[in-house]
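Structure first, commentary second.
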Ligand code: AMP
Ligand code: ZN
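Numbering (my numbering), first residue to last: 8 to 492.
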């Protein structure tokens with residue numbers, strides 16, 4: 008069996024991954040708070056952990072991996088968004104507006120992440136479906152002396168857990184100095200964090216032993232991961248902005264409520280995404296959502312390719328240049344693999360790269376090498392299995408899959424353009440074959456004939472060692488391709 012190595016934030020080392028139960032490998036990733044469209048940064052953990060999910064399924068078996076990613080559908084940011092909508096005249100109670108917003112955001116999230124080729128996790132629990140489990144966990148923490156009720160709130164007492172701060176390597180004093188902690192008269196220690204807080208009549212709330220209220224953010228993940236994955240599971244992931252305080256607090260809650268368990272054995276954190284070298288932010292005007300890019304006609308597969316081009320533990324920079332290069336590479340690879348059949352074998356080199364702490368950029372380099380190798384030979388010297396294996400290897404990264412070809416590659420385009428895209432792809436395949444034959448016979452007349460016809464149809468023909476690329480120009484007339492195919 009392939010040995011997978013993963014960098015564990017907890018030990019700050021790359022370790023051999025040994026699942027608790029190889030028949031059920033369990034992973035939890037913190038999901039989105041559903042109040043708005045996912046921005047491009049939010050897509051990074053989705054794609055990183057999607058590749059890990061694919062790798063684990065490949066190594067341990069498709070049905071032997073449980074991947075849980077939650078939806079935080081109770082949160083002050085959601086309440087604020089609904090309140091603002093009400094202020095500008097939206098109809099309905101605040102509760103109805105909140106429900107409408109969370110439903111809508113979850114369906115957007117699904118559509119956008121599907122377009123990036125991300126597999127749906129095994130389970131996607133919504134926090135509001137697990138309030139009972141959260142209340143039970145909070146009661147247990149109070150009974151064990153790790154939490155206390157005060158003025159309708161319940162707080163976790165950080166002094167009751169000696170290892171608090173171990174994940175991020177901070178002492179409680181450092182945390183107080185560095186964090187914007189909410190000072191409140193009912194807190195015993197300023198770092199104590201909220202497990203439960205009171206709701207007013209308008210705000211969503213549930214009956215509890217401490218009055219009508221709602222859970223804090225951190226307890227959601229501790230309760231849902233326990234219910235769905237148990238007191239000890241294999242991998243916990245998220246962006247590195249969640250390390251402190253969110254993950255530190257999850258650990259404190261889960262280890263104190265279930266001291267018999269280890270909570271998560273491996274902690275994985277992706278670095279942040281930037282845009283053209285700068286932090287993505289609304290004030291810099293470089294903030295955009297996944298949907299913005301899809302609507303501009305950027306295929307979801309291109310977004311995925313760019314993201315996976317940088318190792319997940321390095322900051323990743325989204326640039327127009329990378330986007331163009333990704334589009335070009337994928338066009339070439341799609342032309343190359345358009346006759347591939349399902350059932351190919353994943354290249355051991357691609358697998359080895361991914362097994363080495365998810366070296367996605369290394370895996371992409373191997374794919375480039377394989378593509379060049381296939382292209383450098385005469386078409387009839389390339390056997391079907393080689394093409395099938397190439398496609399299967401790209402598939403482990405979620406690339407060149409069928410789901411894109413009619414979906415995200417053509418998103419937002421007219422159906423006429425969709426058909427001409429398919430024809431262009433077939434044309435490029437044909438051109439590659441004709442060129443390979445010509446190199447052997449030294450008779451280039453057929454290549455020249457096709458090239459002239461393509462130019463006449465408004466298509467630029469680029470030929471290189473890597474293959475044939477057909478780029479439609481502004482005057483592209485798809486009808487002129489019909490007679491050639
Ligand atoms: P949120 O909805 O803000 O809790 O974020 C959902 C996920 O997106 C979390 O795992 C965050 O760590 C991650 N995330 C947020 N911003 C970025 C960014 N700029 N780059 C990478 N990941 C991010
Ligand atoms: Zn979480």
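No residue lacks a Cβ here, since even glycine has one placed at the ideal position from N, Cα and C.
Predicted, not measured: the structure shown is a model, and the values here were computed from it.
Assignment of residue 178 by DSSP, reduced to helix, strand and coil, places it in the coil class. Applying a distance threshold of 5 Å between residue Cβ atoms and the heavy atoms of ligand 2 selects 37, 228, given in chain order. Residue pairing from DSSP places residue 479 in a beta bridge opposite 466. The count of Cβ pairs closer than 8 Å, one atom from the segment 220-240 and one from the segment 77-96, reaches three, so the stretches are in contact. Put simply, of 258, 129, 358 the residue whose alpha carbon is nearest the alpha carbon of residue 228 is 258.
At a threshold of 8 Å, residue 278 counts as near ligand 1, since its beta carbon sits closer than that to one of the ligand's heavy atoms. Looking at the DSSP output, residue 35 sits in a beta bridge with 75, 243. With a 10 Å radius around the Cβ and a threshold of 16 neighbouring Cβ atoms, residue 39 comes out buried. Of 179, 64, 195, 292, the smallest CA-CA separation from residue 283 is found for 292. For residue 110, the number of other beta carbons within 10 angstroms of its own is below 16, and it is reported as exposed. At least one heavy atom of ligand 1 falls within 8 Å of the beta-carbon of residue 46.
For ligand 1, a non-hydrogen atom lies closer than 8 Å to the CB of residue 287. No Cβ-Cβ contact shorter than 9 Å links residue 254 with residue 265. In this structure, residue 170 has its beta carbon at no less than 8 Å from each heavy atom of ligand 1. For residue 52, the CB falls within less than 8 Å of some heavy atom of ligand 1.
Distances from the CA of residue 135 to each of 27, 256, 216, 231 were compared; the closest alpha carbon is that of 231.
In this structure, residue 50 lies near residue 314, with their beta-carbon atoms less than 9 Å apart. Out of 179, 316, 365, 112, the CA that lies nearest to the CA of residue 251 is found in 179. Per the coordinates, the alpha-carbon of residue 350 lies some 26 Å from the alpha-carbon of residue 310. One thing to note: residue 344 has its Cβ within 9 Å of the Cβ of residue 407. The alpha carbon of residue 155 has as its nearest neighbour, out of 125, 193, 181, the alpha carbon of 193.
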